[in-house]
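Participant: Sharing a structure here in structure tokens format.
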Amino acid sequence: MEIRSFEDYQKAYNHSVEAPEEFWSNVARSFEWHKPAETILEWDFHKPEVRWFSGAQLNITENCLDRHLATRAEQTAIIWEPNDPQEAAQHISYQQLHSKVCKFANVLKQNGAEKGDRICIYMPMVPELAIAVLACARIGAIHSVVFAGFSSSALADRINDAKCKLVLTSDGSFRGSKVIDLKSIVDEGLQHCDCVEKVIVLARTHESIKMHPGRDLWWHEELAKAADDCAATVMEAEDMLFILYTSGSTGKPKGMVHTCGGYMVYTTYTFQTAFQYEPGDVYWCTADIGWITGHSYIVYGPLAAGATTVMFEGVPSYPDMGRFWEVVAKHKINIFYTAPTAIRALEKADISFVERHDLSSLKTLGTVGEPINEEAWHWYDENIGKGNCPIIDTWWQTETGGIMITPIAGITPLKPAFATLPLPGVQLALMDEQGQELTGDNIEGRLSIKFPWPSMARTIYGNHQRFKETYFSAYPGYYFTGDGCKRDADGYHRITGRVDDVIIVSGHNLGTAEIESAIDEHHKVVETAVVGYPHDIKGNAIYAYVIGKDDLGDEDQLRTEILRLVSDTIGPIAKPEKIQFVSGLPKTRSGKIMRRILRKIASGEIENLGDTSTLLDPAVVHSIQQGAL
Ligand code: PRX
């Protein structure tokens, strides 16, 4: 049932709770399957195990491409807007996209890729990235897209964890006025990987690069040898579709595993429902395909829904702070989906950057990735939406695969900074500190989910135990999100931020443990504690407290070296904004760092630190307060 009114939403929601299997089997009917499901849902959150549409067979690319050829072969599937506005945009029809995906799928096959093989994709936002993702899915290979801002060592970790056989990359990438040498980052990373047999390299920047004989191949040369047709590999609904890494509060990034059937059904349904996409709408999500938002809401959801989806190679500030609005006007964007951090940065620029562009095509706005503050919400509403466009504040995660809490555009009454209500199929639970589910309205707790939804991650690649410990152990029988949440008197939800050691910086997840261990690698560093603190544009920024060895030498020099180390180990996004050298860290008698205290000091609340009586050495706090930056 399509949702066209708030009453429809309530009916659909109630149906999804009372008869979830019937609800989702109805939704699943609008897709093409080689074989229908025998069982809609099997689940046990204690194991945890979740299976949707067991017995069903499909290929997601037939749903994203082939089935549209009868009705919309000539419609634009992807509009690509390059980094440089002087370069021509591309309009790729469904027919053309189908051919390109099939041809590249053959390139993968001729280089030994088979169903179940893992393929790492480390590429800029060019059409070939979307084509590569779909080509993997076409032949049942599992893609692991790594955001092209990660360092060579972060890339190598991810390639090794998934034991990728192939790497797809480009010579370089254009990011604003910079040219980034992606291929040499790959070369450096691959010195630490034994599993990779071949690297296929797209010529994008045409810089001169080194090609390793026997390993590296040019994309265009391989394409020239490939056949045009490629039958889709028939997949089981629960076969793996992709792995995508996300940071956790401890240890290395987790390879979240998504499967074919449930992911397709849920991302498509939520795309159509939340945005109220209508045929002919031009939809632009500004995320990078290196993140889950790009997977679900640039590639799979929109294409399965037969939409026109925009891919943007550049950055919001190049050639000037009006670029987003210029692109909206140029491609007559109807639905625009971005991150609060971008809104806050653009809000700081002169308003003439907005005013000089015609934004009248816009009808719906969205946000994702972090809480949006009320000021940014109102600026977005008034200056971009001209008071006429609903803003859907969509809460979800890499792990959830698709949007979970959001207003439905034009239907759910809005409240600034509230993600409002769960979509059909999403059964939320707010838990108290003792692990009891809070009921009713006007409550605040830890956000959990008590019933499976089709696109939930099934495991962490190669580590099911960690999956269980991270998500299903805090509250047995519930999936725990790691976020805090308020439910107000109207039953509306407002996400209050992470309650664990994950920091969301400019909408990107970073684990404190990962950054700390990167800094600890420096030979002059003894120990580090990293916390987040509120930042005007980034939402949160990183504050590192570093215990150095006796002889620190030049502190500024050491700071520069630490920043370089973090950049080389993880990527520039993980660099601390502030580094304070300290002589000790506030630890409890059992040796646990009291991060609560460090967070307060980092956020400028130098006094009123609360109870410090359990500290081993309260004098440490005094000296940290004195040196606070
Ligand atoms: O803390 C929440 C925040 O982003 C986290 C998930 O990050 P990631 O897996 O990278 O996925 C981001 C894109 C879906 C969440 O645990 N978050 C995401 N959306 C919102 C949000 N916080 C508040 N409001 C949102 N709309």
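All residue numbers for the sequence shown refer to the working numbering, where the first residue is 34 and numbers rise by one. Glycine residues also receive a C-beta, built at the ideal position from the N, C-alpha and C atoms.
(1) Tell me which residues pass a beta-carbon proximity test against the ligand PRX: closer than 7 Å to any heavy atom, given in chain order.
(2) By how many angstroms is the C-alpha of Leu662 removed from the C-alpha of Asp650?
(3) Taking the alpha-carbon positions, what's the Pro335 to Gly284 distance?
(4) Are there 16 or more other CB atoms within 10 angstroms of the CB of Leu585, so buried, or fewer, so exposed?
(5) Return the chain-ordered list of same chain residues with a C-beta closer than 6 Å to the C-beta of Tyr302, the five sequence neighbours on each side being excluded.
(6) Kindly list the residues whose CB is nearer than 8 Å to the CB of Thr266, restricted to its own chain and excluding five residues on each side of it in sequence; keep chain order.
(7) Short of 8 Å in beta carbon distance, which residues of its chain neighbour Val298, apart from the five on each side in sequence? Order them along the chain.
(8) For Leu395 and Val361, I'd like the C-alpha separation in whole angstroms.
(9) Any heavy atom of the ligand ADP closer than 7 Å to the CB of Glu35?
(10) Beta carbon of Ile595, beta carbon of His541: below 8 Å?
(11) Taking buried to mean at least 16 other C-beta atoms within 10 Å of its own C-beta, is Met344 buried or exposed?
(12) For Glu71, tell me which candidate among Gly88, Tyr296 and Val83 has the shortest Cα-Cα distance.
(13) Tell me the DSSP secondary structure of Gly334 in three-state form.
(14) Using only alpha-carbon positions, find the residue among Leu274, His124 and Leu102 that is nearest to His131.
(15) What's the C-alpha gap between Asp587 and Val558?
(16) Tell me whether Arg479 is buried or exposed, calling it buried when 16 or more other Cβ atoms sit within 10 Å of its Cβ.
(17) So is Gly247 buried or exposed if we call it buried at 16+ other beta carbons inside 10 Å?
(18) Between Gly435 and Trp428, is the Cβ-Cβ spacing less than 8 Å?
(19) Can you list, in chain order, the residues of its chain with a C-beta nearer than 6 Å to that of Val653? Leave out the 5 residues immediately preceding and following it.
(20) Please report how far the alpha carbon of Lys216 lies from the alpha carbon of Asp204, in whole angstroms.
(21) Under 8 Å between the Cβ atoms of His328 and Phe275?
(22) To which residues of the same chain is Ala260 closer than 7 Å at the C-beta, ignoring the five residues directly before and after it?
(23) Use the C-beta contact count for Gln305: other C-beta atoms within 10 angstroms, 16 or more gives buried, fewer gives exposed.
(24) Using DSSP's beta-bridge definition, name the partner residues of Gly339.
(25) Grouping DSSP H, G and I as helix and E and B as strand, with all else coil, what is Arg597?
(26) So is Glu107 buried or exposed if we call it buried at 16+ other beta carbons inside 10 Å?
(27) At the level of alpha carbons, what is the spacing between Gly660 and Gln613?
(28) Nearest-angstrom Cα distance between Ile36 and Tyr310?
(29) Count the C-beta pairs between the segment 490–500 and the segment 451–466 that are closer than 8 Å, then say yes if the count reaches three, no if not.
(30) Does the distance from the C-beta atom of Pro609 to that of Val563 stay below 8 Å?
(31) Identify which residue in Ile570, Asp583, Tyr127 and Ile154 has its Cα closest to the Cα of Thr341.
(32) Kindly list the residues whose CB is nearer than 6 Å to the CB of Asn144, restricted to its own chain and excluding five residues on each side of it in sequence; keep chain order.
(33) Going by the DSSP bridge assignment, what does Cys318 pair with across the sheet?
Facilitator: This is what the structure gives:
(1) For the ligand PRX, the selected residues are Thr279, Trp324, Ile325, Thr326, Thr400, Val401, Gly402, Glu403, Pro404, Ile405, Asp426, Thr427, Trp428, Trp429, Gln430, Thr431, Glu432, Ala452, Thr514, Gly515, Asp516, Ile528, Gly530, Arg531, Ile537, Gly540, His541 and Asn542.
(2) Straight-line spacing of the CA atoms in Asp650 and Leu662 works out to 22 Å.
(3) 34 Å
(4) Its Cβ having fewer than 16 others within 10 Å, Leu585 is exposed.
(5) Val60
(6) Closer than 8 Å at Cβ, skipping near neighbours: Asn92, Lys148, Arg171, Ile172 and Gly173.
(7) Trp57, Val60, Ala61, Phe64, Trp85, Phe86, Pro487 and Ser488
(8) Inter-residue distance for Leu395 and Val361 is about 8 Å (C-alpha atoms, whole angstroms).
(9) The ligand content of the structure shown is limited to the ligand PRX, which means the ligand ADP is not among them.
(10) no
(11) Burial check for Met344: the Cβ neighbour count within 10 Å reaches 16 or more, so the residue is buried.
(12) It is Gly88 whose Cα lies nearest to the Cα of Glu71.
(13) Gly334 falls in the helix class under three-state DSSP.
(14) When each option's Cα is compared against that of His131, the closest is Leu102.
(15) 13 Å
(16) buried
(17) exposed
(18) no
(19) Gly617 and Pro619
(20) 5 Å
(21) The answer is yes: Cβ separation under 8 Å.
(22) Residues Asn139 of the same chain have their beta carbon placed closer than 7 Å to that of Ala260, with the five preceding and five following residues left out of the count.
(23) So Gln305 ends up on the buried side.
(24) None; Gly339 has no bridge partner.
(25) helix
(26) Looking at its Cβ environment, which holds fewer than 16 other Cβ atoms inside 10 Å, Glu107 is exposed.
(27) About 7 Å.
(28) Ile36 and Tyr310 have their C-alpha atoms some 11 Å from each other.
(29) no
(30) yes
(31) Tyr127
(32) Lys231
(33) Tyr370
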